[in-house]
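J.: First the structure, then my questions, so here it is.
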Amino acid sequence: MEEKCSECGHKYEIETGFFYGAMYVSYALTVAISVAVFVSTYLIYSETVYWVYILLILGALIGLAPVTFRAGRLIWMNFFHGYKPDAIANFKAKTDGKV
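Just so we're aligned: 83 in the working numbering is position 83 of the sequence shown, and the numbers increase by one with no gaps anywhere.
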C-alpha cells in the first residue's frame, strides 16, 4: 500500500497499527456477503443441499477478498478523516505542482 496519496499528499497510516480496526469492518462485509449469497441461493434454489451453500459462499468470499480488504480499509479510514474538497489544490500549491 502506498504511504501517501499521490494527488493530495494525505498520509494513510496515522499511527502504527491504525488499520487493525479495518479487520472488523472487513469481517462485517464478509458476513454481509455470506448472508446475501445464502439468502439469494435459498430464494432461487430452495431445495439445495448444504454443501452447495458452503461452496457458493466460499467462492464468493475468495473472489471478493481483494474488494473486502480495500473496502474495509477505506471505510475505516473514513471514520477518522473528513473529506476536504480543496486538499488537492492546497497540496499542489505547497509543492508547486511537483509530487
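Note that beta-carbon positions come from the ideal geometry of N, C-alpha and C, so glycine has one too. Note that the structure is predicted; figures quoted are calculated from it, not measured.
Is it buried or exposed, A32, if we count other Cβ atoms within 10 angstroms and call 16 or more buried?
T.: With fewer than 16 Cβ atoms within 10 Å of its Cβ, A32 is classed as exposed.
J.: Nearest-angstrom Cα distance between L58 and L43?
T.: Roughly 18 Å between the two C-alpha positions.
J.: Tell me K92's beta-bridge partners as DSSP assigns them.
T.: Paired residue(s): none; K92 is not in a bridge.
J.: From N100 to H81, what distance separates their C-alpha atoms?
T.: There is no way to answer for residue 100, as the model of the chain reaches only from 1 to 99.
J.: Residue range of the alpha helix (DSSP H) that M1 falls in?
T.: From DSSP, M1 is part of no alpha helix (DSSP H); its letter is neither H nor E.
J.: Determine the extent of the alpha helix (DSSP H) in which G59 is found, giving its start and end residues.
T.: Y50 to G63 is the extent of the alpha helix (DSSP H) around G59.
J.: Can you give me the Cβ contacts of A87 inside the same chain, cut-off strictly under 6 Å, excluding the 5 residues immediately before and after it?
T.: So the list reads C8, once near-sequence residues are dropped.
J.: Please determine, among F38, E47 and T68, the residue with the shortest C-alpha to C-alpha distance to I54.
T.: Checked all of F38, E47 and T68; the closest Cα to I54 is F38.
J.: Considering only residues of the same chain and omitting the five flanking positions on each side of H10, which have a CB-CB separation below 6 Å?
T.: Answer for H10: no residue qualifies.
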